[in-house]
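Working notes, structure below.
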Amino acid sequence: MLEKLFQLSRFGSNARTELLAGVTTYLTMAYIIFVNPSMLADAGMDHGAVFVATCLAAAVGCFIMGFWANLPVALAPGMGLNAFFTYGVVLGMGYSWQTALGAVFLSGCIFILLSLFRIREWAINAIPVTLKKAIAAGIGAFLALIALKNAGIIVANPATLVSLGNLGDFGPAMAILGFFLIIAFTQRNIHGAVLLAVLLVSVIAVASGHVEYTGIVSAPPSIAPTFMQMNLAEAFDVAMLSVIFAFLFVDLFDTSGTLIAVTQRAGLTKSDGQVPRLKQALLADSTATVTGAMLGTSTTTSYIESAAGVSAGGRTGLTAVVVGVLFLLSIFFAPLAGMIPPYATAGAIFYVSILMLFTLKEVDWEDLTEAAPVAVVLLMTPLTFSIAHGITLGFITYALAKVLGGKARELSVGVWVLSALLLLKVIFVH
């Protein structure tokens with residue numbers, strides 16, 4: 006049956022190898038079941054319900070990717086977009102979390118249409134390569150600020166806006182310890198480095214009395230507080246267009262980049278470099294986002310951590326299915342998730358932020374028309390505490406820099422249109 010479903014022999018794999026690859030991928034990304042509920046709880050959402058929604062959305066995405074696209078790529082609610090959901094849309098712009106879920110749902114529906122009607126190529130090409138790199142780096146910087154703030158390493162200061170917290174306090178010290186544990190485990194090729202570091206810091210917190218022990222396993226919490234709670238009416242508001250745009254395009258670029266990177270690593274790309282069964286893979290991602298919004302979680306996307314499973318030999322969708330099964334089993338570990346303190350996940354978030362800054366090395370810093378937009382996105386995303394604002398200002402800067410720098414011919418029609426719309430939004434919509 007497995008051979009018929011996943012064509013294991015065709016890809017030079019077997020069930021044992023795919024099982025090992027699935028476990029490896031799961032261990033590298035399981036930290037999300039602790040981080041995501043913690044982040045979305047700051048938006049006022051029920052922690053237990055989000056925990057279940059996170060596990061279920063990840064499982065649905067993995068199953069669709071595995072059974073339909075037959076690719077060894079796992080999915081779960083994405084880092085960066087969950088931060089934008091909470092700290093940008095809800096706490097920053099003042100929308101309810103129900104409205105934010107509505108925006109996620111609509112972005113997923115648009116993503117489905119883009120995939121079905123093959124407008125994906127236009128959408129991706131409409132964004133200059135430079136801005137794609139800038140968006141990834143800007144989200145990385147945004148995550149770094151959130152991690153440092155949650156850990157108490159950076160604190161508010163009425164005179165200077167921010168300043169260094171007391172690193173000797175338990176929370177900041179544990180966050181720093183967790184971060185360096187991740188570095189040590191990762192450099193020594195220990196599987197599940199991030200998850201292991203989060204759990205070790207949490208054990209120290211429980212043992213020292215800073216966190217109360219409430220158990221490890223229990224029946225899953227109720228998902229009722231978040232299930233089908235989307236407010237689509239408010240999500241259709243004109244002011245929400247930039248939010249939907251941000252959810253959509255960040256997910257689109259992140260997914261495309263992840264699929265290309267993972268399939269290349271697995272040797273699955275076609276002779277022209279194209280991802281096999283790309284349409285099915287994109288539909289798996291977009292369908293999981295829509296499903297996740299209905300369940301009660303932020304955008305679900307493909308995870309670059311899937312490369313860990315590929316390195317362990319994963320070549321087919323069976324790897325993704327194994328990850329999905331493990332996420333389903335995870336719903337019984339809600340008490341454990343509830344004991345994970347914010348400083349235990351702060352080190353993990355900071356680590357992810359570093360991984361997202363790698364795109365900066367590919368920027369042409371000698372060309373100011375390329376470097377200036379990247380710098381604007383990189384700096385303005387965390388300083389305005391908004392991915393949407395960072396993307397908006399980056400787009401406008403890119404267009405103006407090219408025009409003023411005598412390189413207007415490099416601007417595509419898509420960039421002209423998007424830049425004009427975003428400029429009008431900045432001027433007239435506050």
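Counting along the sequence shown from 1, when you hit position 3 you're at 8 in our numbering, and nothing is skipped either side. A virtual CB, placed ideally from N, CA and C, is assigned to each residue, including glycine.
Residue i, DSSP secondary structure in three states
i	result
Ser307	strand
Ala164	coil
Val222	coil
Met34	helix
Pro387	helix
Asp290	helix
Lys412	coil
Ser358	helix
Val379	helix
Glu371	coil
Ile150	Note that residue 150 is Leu in the sequence shown here, rather than Ile. Leu150: helix per DSSP, three-state reduction.
Thr321	coil
Ala48	coil
Val55	helix
Gly272	coil
Ser43	helix
Ser18	coil
Thr397	helix
Leu13	coil
Ile392	helix
Ile345	coil
Ser316	helix
Met299	helix
Val4	Here the chain has residues from 6 to 435 only, and residue 4 is not among them.
Ser424	helix
Ser417	coil
C-beta atoms of residue i and residue j nearer than 8 angstroms
i	j	result
Pro82	Ala62	yes
Ala54	Pro226	yes
Leu1	Ile221	For residue 1 there is no data in the structure shown, the boundaries of the chain being 6 and 435.
Leu416	Thr397	no
Tyr308	Thr263	yes
Asn87	Met34	no
Ser335	Cys60	yes
Gly319	Ala26	yes
Met344	Val206	no
Ile170	Gly157	At residue 170 the sequence reads Gly, which differs from the Ile that was named. Yes, these two residues count as a Cβ contact at 8 angstroms.
Val65	Thr304	no
Ala139	Gly399	yes
Leu253	Ile115	yes
Met179	Tyr348	yes
Gly322	Met70	yes
Thr268	Thr260	no
Ile124	Leu288	no
Ala298	Leu106	yes
Ala58	His52	no
Pro441	Phe90	A query on residue 441 cannot be resolved here, the shown segment of the chain reaching from 6 to 435 and no further.
Val328	Ala79	yes
Ile187	Ala202	yes
Thr104	Ala240	yes
Phe363	Ala152	no
Ile38	Phe16	no
Beta-ladder partner(s) of residue i, from DSSP
i	result
Leu169	Ile159
Buried or exposed by the 16-neighbour rule on C-beta atoms within 10 Å, applied to residue i
i	result
Gln234	buried
Ser291	buried
Pro163	exposed
Gln192	exposed
Val134	exposed
Met6	exposed
Asn75	buried
Trp370	exposed
Lys284	exposed
Glu8	exposed
Tyr100	buried
Ser120	buried
Phe390	buried
Asp372	exposed
Phe122	exposed
Asn155	buried
Phe184	buried
Lys137	buried
Ser18	buried
Item to check | Segments assigned beta strand (DSSP E), at least 3 residues, entirely inside the stretch 66 to 144 | outcome: Complete beta strand (DSSP E) runs here, min 3: 80 to 82.
Next on the checklist: To test your reading of the DSSP string, which unbroken alpha helix (DSSP H) runs of 4 or more residues are found completely within the stretch 172 to 257?
Outcome noted: Counting only runs of 4 or more, we get 175 to 192, 198 to 212 and 237 to 240.
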